[in-house]
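Residue numbers (my numbering): 712 to 1077. Each residue gets a CB set at the ideal place from its N, CA and C atoms; glycine is no exception. A quick note: this is a predicted structure, and the numbers were derived from the prediction, not measured. Here's the structure we're looking at; comments come further down.
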């Protein structure tokens, strides 16, 4: 949809109007809302809908919109309509989650980012619909004075389409495409006797720190680590929490990624340092040995060892090719799949899985 239109395309024509859409406070994308499952229900006490509705009705008289100002300030560059939308969304979230107060600065920041992102999504789509709307820089400032800019999840996932404006004049686009085709044909005819050799472009590796938002898709071990492990003959993975089945499965998928990327004649050693699962160490050993056996004849030698010190918390990947990759979550960066029967794309392809929020830091060790 972002490639060819806008996120409000599904609205009836009479509502697909920029003046109407600008009055929407927030756009919560349905594809980020999880399917309701049994484990989401409370195991304690809860209100039935009638009581909850009455509580919310009384809370309408309260205004919680000034609470974020105790910790953060919103950009002064945004319009009063944008500011009101963010404050009203924040007030509603605080009433539902913290009706009695007591929220921390971290809680407020999480809700503020959601409110700003939800309003930014509306404004970004307005810019695609009507070019007279200016682009708006959504950011907030913390107590440390640092500006923190907001990006939507789809903006991070599809940057090549997110800021693309739909064609204002399709006929003009057709003429431009036709002219371009003629130029390409003429160039091909001129150079048809001079074949070019296509050389794959090698990725430029740089140090850096990258933060990935909750619920984003399109990320895999290959896109995160692949270029940084190319050429390595020894890789050491340190993660104290490769203990349960899904965590060991993540380790297996990392090994599979290395096998896919290495040359058939190369030999690569992968060593895992993890903590023992005191609750079921025999099963943990069995699963880790299964990876070792599966790698026989693949050109990858997988070994593992327990860190029994009980003090290990570092999670990183170190290669003899000169790189150290630091991960705050280790390999556990994906949310649990909705379906566990094996017949879902997210089960087979990492790019289709939703992420947990995490960061990765690339450090050159040479």
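A residue is called buried once 16 or more other Cβ atoms fall within 10 Å of its Cβ, and residue 779 is buried on that count. In this chain, the beta strand (DSSP E) harbouring residue 945 covers 945-949.
The straight-line gap separating the alpha-carbon atoms of residue 965 and residue 1064 is approximately 15 Å. In the structure shown, residue 955 falls within a coil segment according to DSSP collapsed to helix, strand and coil. For the pair residue 847 and residue 834, the CB atoms are nearer than the 7 Å cut-off.
For residue 1028 and residue 934, the gap between their C-alpha atoms comes out near 15 Å. Under the 10 Å beta carbon count, residue 922 is surrounded by fewer than 16 other beta carbons and is classified as exposed. In this structure, residue 836 sits away from residue 726, with a CB-CB distance that is not shorter than 7 Å.
Residue 723 and residue 716 have their alpha carbons spaced roughly 14 Å apart. In the displayed model, residue 730 falls within a helix according to three-state DSSP.
Under the three-state reduction of DSSP output, residue 1059 falls in the helix class.
Annotated as distal: residue 770 and residue 799, with beta-carbon spacing of 7 Å or more.
When DSSP states are grouped into helix, strand and coil, residue 800 belongs to the helix group.
Here the segment 996-1009 does not lie against the segment 1018-1038, with fewer than 3 beta-carbon pairs under 8 Å apart.
Residues 920, 921, 922, 923, 1038, 1039 of the same chain have their beta carbon placed closer than 8 Å to that of residue 1070, with the five preceding and five following residues left out of the count. Around the beta carbon of residue 746, fewer than 16 other beta carbons lie within 10 angstroms, which makes this residue exposed. Residue 1061 is classed as buried because its beta carbon has at least 16 other beta carbons within 10 Å across all chains shown. Judged by DSSP secondary structure, residue 1013 falls within the beta strand (DSSP E) whose first and last residues are 1011-1017. When the five nearest sequence neighbours on each side are left out, the beta carbons in the same chain lying within less than 6 Å of the beta carbon of residue 738 are those of 829, 832, 833, in order along the chain.
For residue 870, the number of other beta carbons within 10 angstroms of its own is below 16, and it is reported as exposed. Here the alpha carbons of residue 844 and residue 851 stand approximately 21 Å from one another. By the neighbour-count definition (other C-beta atoms within 10 Å, threshold 16), residue 939 is a buried residue. In the DSSP assignment, residue 860 forms a beta bridge with 850. Per DSSP, the continuous beta strand (DSSP E) segment holding residue 985 begins and ends at 979-985.
In the displayed model, residue 960 falls within a helix according to three-state DSSP. For residue 762, there is no enclosing beta strand (DSSP E); the residue is part of the alpha helix (DSSP H) that begins and ends at 760-770. The Cβ atoms of residue 927 and residue 866 lie no closer than 7 Å to each other. Residue environment analysis places residue 961 among the buried positions, since at least 16 neighbouring C-beta atoms fall within 10 angstroms of its C-beta. At a Cβ-Cβ threshold of 7 Å, residue 925 and residue 1068 count as neighbours. Residues 982, 1029 of the same chain have their beta carbon placed closer than 6 Å to that of residue 947, with the five preceding and five following residues left out of the count. When the Cα atoms are used, residue 1042 and residue 1066 turn out to be separated by approximately 11 Å. The Cβ atoms of residue 977 and residue 1026 do not sit closer than 7 Å to each other.
The criterion of a C-beta distance shorter than 7 Å is satisfied by residue 1018 and residue 984. Excluding five sequence positions before and after residue 988, the CB atoms of its chain that fall closer than 6 Å to its own CB belong to 954, 995, given in chain order. If the five residues before and after residue 998 are omitted, its C-beta is found closer than 6 Å to the C-beta atoms of 959, all from its own chain and listed in chain order.
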